[in-house]
Each structure stands twice: as structure tokens, then as C-alpha cells.
Amino acid sequence: MRCKDLRIAIFYGGQDFALQPLSRAEVLGIIDEEQKVVEQYENPAPEMGSQAAIEGLIELGAKAVIVRDDTLSQSEYKALKGQVKFMPTQLGNLYDVLEHLEEVKQGAKDQLEGLEQGESAQQES
1 MRCKDLRIAI FYGGQDFALQ PLSRAEVLGI IDEEQKVVEQ YENPAPEMGS QAAIEGLIEL
61 GAKAVIVRDD TLSQSEYKAL KGQVKFMPTQ LGNLYDVLEH LEEVKQGAKD QLEGLEQGES
121 AQQES
């Protein structure tokens, strides 16, 4: 499944562009492979709730989301499951992800075991 024009959502913020949880990240980024750019949008989640960010990334055409262990709560995961692929990473910021994007994409999954089994300590603040 090699999409040439894959659009990938990523949540980050701060001066170091560190990856952050969907619910708190300053920026909802869309990595547009076809255009070779990262579109940056203000993440609506901190003010309007996670559902607004989820709807936003779907409307922006994201087909995948780059996730770390703390990116998604169980309810956010359930809302996205079936609509996007998940690309797990241990990388810490946007620049590292862009540098290793091909490797990150190879790990794309339809589901995340930890959230499937409810093992993730639900970090709902």
C-alpha cells in the first residue's frame, strides 16, 4: 500500500517542536509528502476538546497519525481507529520524524496493541 501523496498528522509544540499528546499539543501538523511540506495548524484540542482535533485531522485529509506512547488517550484512539493508520515512534520531535519518515511509515498499523487491550494508563487529565 504505497500512497504517493500520503498526508500524515503529527502533534507537537514548543521551541524544540517536541511531539506532544493530542489533547495538549500546540500544533496539528500535516506532513504532505506530495508537496514536500509540513502544513501547520493551531491544534483546537486544548480549547475545544480532543474531538475537534480529531475532526480537523480527518477534514485535512490525514490518512495516518504519528503516535508516541502518550499521544492518544483510549477514547481518542477509538475515535480514530478505522479512519487512519497509526505510525508508532519513539522519536522525540518533528525534525527527527522528518529525517526518519520512511522508517516511521514502514511501521504503520491499523491498531495499537496497548490501546486495544486498554493497558495504557489512561492519561486523561
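Residues 1 to 125, numbered by our numbering, are exactly what the sequence shown covers, in order. Ideal Cβ positions, reconstructed from N, Cα and C, are used throughout, including at glycine.
Residue i in three-state terms, based on DSSP
| i | result |
| --- | --- |
| residue 19 | strand |
| residue 125 | Here the model assigns residue 125 a pLDDT of 35, short of 50, so the residue's position is not dependable, and the following value carries that caveat. Here residue 125 sits in coil by DSSP. |
| residue 13 | strand |
| residue 28 | strand |
Supposed close pair residue i, residue j - CB separation, criterion 8 Å
| i | j | result |
| --- | --- | --- |
| residue 52 | residue 22 | Not really, about 10 Å apart at Cβ, beyond 8 Å. |
| residue 68 | residue 83 | Going by Cβ atoms, the distance from residue 68 to residue 83 rounds to 19 Å, so no, they are not a contact pair. |
| residue 64 | residue 85 | 4 Å |
| residue 6 | residue 12 | The Cβ separation is near 18 Å, so there is no contact. |
| residue 30 | residue 60 | 5 Å |
Rounded straight-line distance, which links the Cα of residue j to that of residue i
| i | j | result |
| --- | --- | --- |
| residue 105 | residue 38 | 16 Å |
Status (buried if at least 16 other CB within 10 Å, exposed otherwise) for residue i
| i | result |
| --- | --- |
| residue 113 | exposed |
| residue 76 | buried |
| residue 48 | exposed |
Could you give the uninterrupted runs of the beta strand (DSSP E) lying entirely in the stretch 35-104, keeping only those of 3 residues or more?
37-42, 64-67, 85-88
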